[in-house]
Structure formats: C-alpha cells, structure tokens
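Asker:
Residue numbers (the numbering used here): 3 to 266.
1) Would you check if the distance between the CB atom of residue 207 and the CB atom of residue 181 is smaller than 8 Å?
2) Please look up how many angstroms separate the CB atoms of residue 63 and residue 87, rounded, as I've assumed it's under 8 Å.
3) Please state whether the Cβ-Cβ distance between residue 110 and residue 54 is less than 8 Å.
4) What residue range does the alpha helix (DSSP H) around residue 254 cover?
5) When the Cα of residue 119 is compared with those of 148, 152, 73 and 159, which residue comes out closest?
6) Using CA coordinates, which residue listed in 175, 146 and 171 is at the minimum distance from residue 161?
7) Nearest to residue 257 by alpha carbon, out of 33, 79, 245 and 21?
8) Is the separation between the beta-carbon of residue 61 and that of residue 35 shorter than 8 Å?
9) Relative to the C-alpha of residue 262, which candidate in 31, 21, 40 and 222 has its C-alpha closest?
10) For residue 38, is the classification buried or exposed, using 16 other Cβ atoms within 10 angstroms of its Cβ as the cut-off for buried?
11) Flag this pair as yes or no: are the beta carbons of residue 144 and residue 244 separated by less than 8 Å?
12) Report, in whole angstroms, the separation of the C-beta atoms of residue 298 and residue 164, which I expect to be a contact under 8 Å.
13) Could you tell me which of 255, 246 and 264 sits nearest to residue 22, measuring between CA atoms?
14) Which first and last residues belong to the alpha helix (DSSP H) in which residue 64 is found?
15) Pull up the CB-CB distance for residue 129 and residue 254, whole angstroms please, since I reckon it's below 8 Å.
16) Given residue 177, which residues of its chain have a CB within under 8 Å of its CB, disregarding the five upstream and five downstream residues?
17) Mind listing, in chain order, the continuous alpha helix (DSSP H) runs of no fewer than 4 residues lying wholly within the segment 32-63?
18) By the three-class DSSP mapping on this structure, what secondary structure does residue 134 have?
19) Is the beta carbon of residue 26 sitting closer than 8 Å to the one on residue 250?
20) Between residue 214 and residue 173, how many whole angstroms is the CB-CB distance? I'm expecting something under 8 Å.
21) Quick one: what does DSSP say residue 25 is sitting in, helix, strand or coil?
22) How far does the alpha helix (DSSP H) with residue 225 in it extend, from its first residue to its last?
23) Is the beta carbon of residue 112 closer than 8 Å to that of residue 77?
24) Determine the DSSP secondary structure at residue 128, reduced to helix, strand or coil.
If you want it as structure tokens, here you go:
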C-alpha cells in the first residue's frame, strides 16, 4: 500500500461491502453523491456522516487508509472554503477589509461545501478500496452495455477508466521517488519565488512523463503478448450476481434519499 495515497488502491477483504456486486456499488455511489447534495440541514449532514462511518466500519478498512484519500485534495478543499468565505455576495456581514468580506451566509455556505467535498472524496475512495480493478471494469462495462447498440466502445472505455484510476497512486509514488532523488542532488521545490518554483518543476516533470510513457508502452506490450483484442468474445472467470445484501444496501440508500426529499 502506498504510504500517503489510498485513492485508486484496492484493500483486499471479505467484508459485506467487499462482497457487494460492483454494479450495485457503482450505482449506490452515484446515489450517495446525489444524497450528499440533497442534504442541506445539520441533521441531514449528520445522517450522511453516520452512514459513511457505518460503511467504513462494515468494510473493515483501516481508517487511516480512508483519511489518506483526503490528503492529496486538502489544498482544493481549503481553497474552496476560502473562496466561498471571502467572496460570497449578500448576507449579514460579519467582517470586511479591502476586497475581502465575510458574511454569515458565506461562512455557512463555505462549511457546507467543504463538508460535501469531504463526503464525496470519502465515498469514491471507499469504492476503490473495496472493489478490485477487474471487478470495477466489469461493473462499468455491464452498466454501459446498452450503449453497444450504437457501436459505442464500452469495453475499451471501461478498461481505460479503470487503468487511469489504478495508475493514479502509481504515478504519485513515482513523483515522490523522483522528488527525493532530485532533492538529494540539490534541487529545491519549496523555496524561492513562484517563478523559481515553477522552473524547478521541469526536472521533475520530464522524467515523470518519460516514466508514464514507458509504463504505458510496457502495459501495451503485455496486453499484446497475451493476445488482447478488445472485449469481443471475452469471457469472465467470475460471473457477477446480485444477492440479498445488494438489495438491502439499495433499500438503505433509497430510504436516505426519501428522508432527504422531505427536507431533513
């Protein structure tokens, strides 16, 4: 497991969440995202928080791995919070200085949006932590199967999406290794002006792109050597089936959406 990144990683296990059908998990994640944006009240957000904590407990995934999914995106969450706090128009003013203005409604909106982002990241992280790349590919392909009627390359798209998610932690790990190697040779990434820092990223980006293209070439060669010809005529070792636990999970999420629809 990569030290600081959990998104795109798979945490093997045999929990109820792991054994859910990948198609159902994909649909439920989309439903939870809708649910997150439906909940506007404190009680509603508390319910969503309790639901996510309940899912993490059921999955038996170490909480540290879940929290690591937030680490690479803390800057975006903080930036979103600051922009909504200082540049929200309207509302009862609490503080004002130069072009900056803080209102009660702006602060509430910033907190609500930051919490929603944390919920979204945690939900998608749980999907990748409890679903293997192969199962995720099969699930995406199965859900998009109707598009085959219009000759849409469903299998290829599903495979590319899964490979992209799977290689996010790999590329971040590669970046970390290159940064440490460049720092050992005297490179500085955290000091100087903005332009100096931008120029200092060149020794990092060039080998990173070279490494990414090399990995892509190795992957293509491995697929060709195994006679990969797309999804035509492809069979699966594990056939997906819906079970009672999938229906129970769908019922719980549906109940939460109905709960949110009544304005809680």
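Note that the Cβ used here is the ideal one computed from N, Cα and C, for glycine as well. The structure presented is a predicted model; accordingly, all values stated were derived computationally and were not measured.
Answerer: Considering the structure as presented:
1) Cβ distance not < 8 Å, so residue 207 and residue 181 don't count as in contact.
2) About 33 Å; that fails the 8 Å criterion.
3) It is not a contact, given that the beta carbons lie outside the stated cut-off.
4) Unbroken alpha helix (DSSP H) run through residue 254: 246-263.
5) 73
6) 146
7) 33
8) no
9) 40
10) buried
11) Between residue 144 and residue 244, the CB-CB gap reaches or exceeds 8 Å.
12) In this structure the chain extends from 3 to 266, so residue 298 is not present and cannot be described.
13) 246
14) No alpha helix (DSSP H) contains residue 64, which DSSP labels as neither H nor E.
15) At roughly 16 Å, the Cβ-Cβ gap does not stay under 8 Å, so residue 129 and residue 254 are not in contact.
16) 206 and 210
17) 44-61
18) coil
19) no
20) 6 Å
21) helix
22) 204-227
23) Not closer than 8 Å, so no.
24) Helix.
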